[in-house]
Each structure stands twice: as C-alpha cells, then as structure tokens.
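Residues 352 to 727 in the numbering used here are what the sequence shown lists, from first letter to last. C-beta atoms are modelled at their ideal positions from N, C-alpha and C, and glycine is treated no differently. None of the values given here were measured: they were computed from a predicted structure. For reference, the structure discussed in these notes is given below.
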Amino acid sequence: MLRLSLGGAVALGFARFAYALLLPTMREDLGWSFTLSGAMNAANALGYLLGALIAAPLIRRAGLGRVFAGAMFLTALTLLACAATGLSAPLLSLRFLSGVGGALVFVSGGGLAALATRAHPERSPLLLGVFYGGAGIGMLLSAALLPPLLAHGWRGAWLALGLAALACIPLSAPALRRLPTHAASAPARSPAVSLRPLAWTLAAYTCFGIGYIAYMTFIVAFLKGAGAQAWITPFWALLGLSVVLHPFVWAPVTARLRGARAMTAQLLTLAAGAALPLLGTSPPALLLSGALFGGSFLAVVAFTTLITRRTLPEHAWARGIAAFTVLFAAGQAAGPLLTGLLADRAGGLRLGLGVSAGVLLLGAALALGQGRGRAT
C-alpha cells in the first residue's frame, strides 16, 4: 500500500498542493491577481472533474493498473512543462491536464486500494488511510525541495516536481503487479446500483471540496502577507507530516463510528484548523492549524472510499468513488475562484478563508444525515 500511495504524492502532493508554495513567487514575478491565482487551481479542479467523468469507462477498457500508471506519467509531464512558460493561457491548460491525470490516478488508485483491503476488511480504515496519506509524502518532499529553488525563481521548482513525479512511477510499479486489475463484475441481469444511499455524504463532500482547497491554495500567501514568512517551510512540513500520520489517528475512530459521524468529526476538525490563522498568526497557532488540517483533510478522502465500500456492492465501487470524485472536483473548482474573488474585491484573503471554514462546518452538518449502509 505504501508503494501505491506514491500516486497520491504525485496527484495531490506535487500536482496540486505544491502550487501553494510556488504561488507567492509566481504571483510576484508574473503580476497575477488573486482571482487569476485561484483560477490556476480552479483549472486543475476542472481537469480533475473531466478525469473523474472519464475514469470509469477507461478503467473498464484498460484496467486499474494501466490507467494508474498512464495517469502518473501524464501528470509528471505536465509538471515538467509548467517550467517552460510564464503565459497564463498555457499554464491554465497545463494545470487542467494535471487535474485530468490526478483524478485518473486517484480513482484508479482508490479502486486498487479498495481491492487490496478485501483480505483484511477489519483493517480497511488504516490501509486506505495509508494510500491517501501518500499526498503527505509529496508535501514533505515539496517542503524539502522547493524553498531553496524558489530563491532563484519558480521554473526550477516545477522541474524538480516533474522529475520527482517521474521517479515515483517505477517505485509504484511492483504494487501494480501484485494487485488485481479489475473489480468483480456485476451479476448478470442485475439492476443498476443506485447512489442514493450515499446522498448525504456526497453533499458533504462537495462542501469539503469547496472549503479545503481554498485553505490549501491560499494559506501560504496569507501567511506571507501576515508577516509569518519565516514559518512557512516548518508549517508546510508539519502539514505534510500530519497527512502521512493521519491514518493512525483517524482509523480507530472511523472503524468505531457508524454512518458518517467520522466524517462530521473530520470536517469539524478541518474547520477549526482553517479558522486558527484568522484568529492569530503566532507560531503555536500556525503549527496547530497545520497539524489539525493536515491530520484530517485526507482522512475525509479516505473515508469516502470506506463508505462506498460499506454501502455499495463491489462491482459498483469504482462508480461510487468516481461519483465522489466528480462532486469533489466541482467543489474544488468553485473554492479557489470564490476565495480569490473575495480577496480581490471584498477585503483580502482573511474573508475568503473565513468563508471556507464556514463551508466546512456546513459539510459537517450534512454528513450527520448519512445512514449506516451495508455492513462491511
């Protein structure tokens, strides 16, 4: 599962979250507004939406392993290409393509991870958490690689991310050879599986997509603007480390709580983490914010695979994961744009980040409506 988690390092740690570290330097060098800055991650989210929509038919045709490996390669190439231009239109296109690749990595990787838990269903919260925690590995590597490079401009940082992504492809390959490439087929003449039992969780996950990505896109720019630049690298490293460690915190809670109560607890923790920098930028507040947010946001992503596994039959797992990914992508497209517009027109990043915390609270309330579903 650890090798498989390198997909998350590439799809999220490098292709999406590392952009927050590059954003202040790119914004200063290229003269971007907050709206355009947010549009770069919104383009990534729109690509993620397209990737989620095409994932299921691609997986049926090519298998989970081939889609996973191909999408890793596509994502790595887009990261390398971002170093080649400072023009907005090509960068928006590349961010879009990296989103397509990221979604395909996550849907296929989530399907592979769910199949890998069949032999140990009682350990599925921990195992799925390890897979999704791979994004934290990417964040830790970004914290180590990027700050020295950014002192000399942003192009070298994109090259480093692309090369690191390429290196992850052969490292993940042994896991693909050991895992099945297809889930069980639907029984003959079986009716289409309804996603209605997941409705409350799907709605909550949309709110999560809006709220979490605003924090992850703009928190570094917010800290720099608040005069806390010296703490950005330690903050980002702690955020990434907390992502890696989150399965050991949330897996016991997720296994014990019924319905989507674990998701409610996770979203409440995220809202608290998002609100802390708005209350003060002292080092303890910043580090606590990073620990709370980093330790919870991918726990929500892991939980959606778990609730799909608990609620739907195996042949519908990929469809359920894809549905979560589609709504997640829609939320992610709206989040950076909303925050950027508020920052440009209504008083800075503080208001936009405050709205994101409120949306996370709404998601926590919606998750309470989720029923128990099938037994695991």
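Check                                                                                                                                                                                          : Outcome
Helix or strand or just coil, what does DSSP make of Pro664?                                                                                                                                   : coil
Is the beta carbon of Leu381 sitting closer than 9 Å to the one on Ser449?                                                                                                                     : no
For Arg446, count the other beta carbons within 10 Å of its own beta carbon; 16 or more makes it buried, fewer makes it exposed. Which is it?                                                  : buried
Distance check for Leu608 and Gly671, CA to CA, integer angstroms please.                                                                                                                      : 21 Å
In angstroms with no decimal places, state the Cα-to-Cα distance between Val594 and Phe586.                                                                                                    : 12 Å
So, are the CB atoms of Leu700 and Leu618 less than 9 Å apart?                                                                                                                                 : no
Answer with buried or exposed for Gly591, where buried requires no fewer than 16 other C-beta atoms within 10 angstroms of its C-beta.                                                         : buried
Would you mind working out which of Ala715, Ala667 and Phe419 sits nearest Arg351, comparing C-alpha positions?                                                                                : Missing from the structure shown is residue 351; the chain here goes from 352 to 727 and no further.
Ala625 and Phe644 - do their beta-carbons sit closer together than 9 Å?                                                                                                                        : yes
Give the straight-line distance between the Cα atoms of Leu637 and Ala616, rounded to the nearest whole angstrom.                                                                              : 21 Å
Alpha carbon to alpha carbon, how far is Arg506 from Leu500?                                                                                                                                   : 9 Å
Whole angstroms is fine: what's the gap from Gly631's alpha carbon to Val706's?                                                                                                                : 17 Å
Taking the alpha-carbon of Ile564 as reference, which of Ser384, Leu397 and Val418 has the nearest alpha-carbon?                                                                               : Leu397
Would you call the stretch 486-495 in contact with the stretch 360-380, where contact means no fewer than 3 C-beta pairs closer than 8 Å?                                                      : yes
For Gly480 and Met614, I'd like the C-alpha separation in whole angstroms.                                                                                                                     : 13 Å
DSSP three-state call for Thr376: helix, strand or coil?                                                                                                                                       : helix
Does DSSP classify Ala502 as helix, strand or coil?                                                                                                                                            : coil
Look at the alpha carbon of Ala715 and the alpha carbon of Phe419, and state the distance between them as a whole number of angstroms.                                                         : 31 Å
Got a sec, what are the start and stop residues for the alpha helix (DSSP H) Thr620 sits in?                                                                                                   : Arg612 to Leu630
Pick out whichever of Ala653, Ala508, Gly453 and Ala685 has its Cα sitting closest to the Cα of Ala606.                                                                                        : Ala653
Taking Ser640 as part of the alpha helix (DSSP H), name the residues at either end of that continuous run.                                                                                     : Pro634 to Gly645
Within a Cβ cutoff of 6 Å, which residues of the same chain sit near Phe559, ignoring the five residues on either side of it in sequence?                                                      : Val651 and Gly714
Using only alpha-carbon positions, find the residue among Ala467, Pro441 and Leu425 that is nearest to Ala454.                                                                                 : Leu425
How is Ser523 classed by DSSP in three states: helix, strand or coil?                                                                                                                          : helix
Could you tell me the boundaries of the alpha helix (DSSP H) in which Leu438 lies?                                                                                                             : Note, Leu438: premise wrong, no alpha helix (DSSP H); not H, not E.
Determine contact between the stretch 676-685 and the stretch 385-405, defined as no fewer than three beta-carbon pairs at a distance below 8 Å.                                               : yes
Hey, out of Ala572, Val677 and Ala718, whose CA is closest to Leu404's CA?                                                                                                                     : Val677
Of the residues Gly421, Pro408, Leu704 and Phe675, which one's Cα is nearest the Cα of Trp551?                                                                                                 : Phe675
Starting from Trp551 and walking both ways along the alpha helix (DSSP H), at which residues does that stretch end?                                                                            : Ala550 to Gly576
Looking only at its chain, what residues have a beta carbon closer than 6 Å to the beta carbon of Ile583, apart from the 5 residues adjacent to it on each side?                               : Val571 and Leu574
Do the CB positions of Leu431 and Gly485 come within less than 9 Å of each other?                                                                                                              : no
Starting from the C-beta of Pro634, find all residues in its chain whose C-beta is less than 7 Å away, skip the five residues before and the five after it, and write them out in chain order. : Trp582
I believe Leu355 touches Met391 by the beta-carbon criterion, under 8 Å. Please report the beta-carbon distance rounded to the nearest angstrom.                                               : Their Cβ separation, rounded to whole angstroms, is 28 Å, which puts Leu355 and Met391 out of contact at 8 Å.
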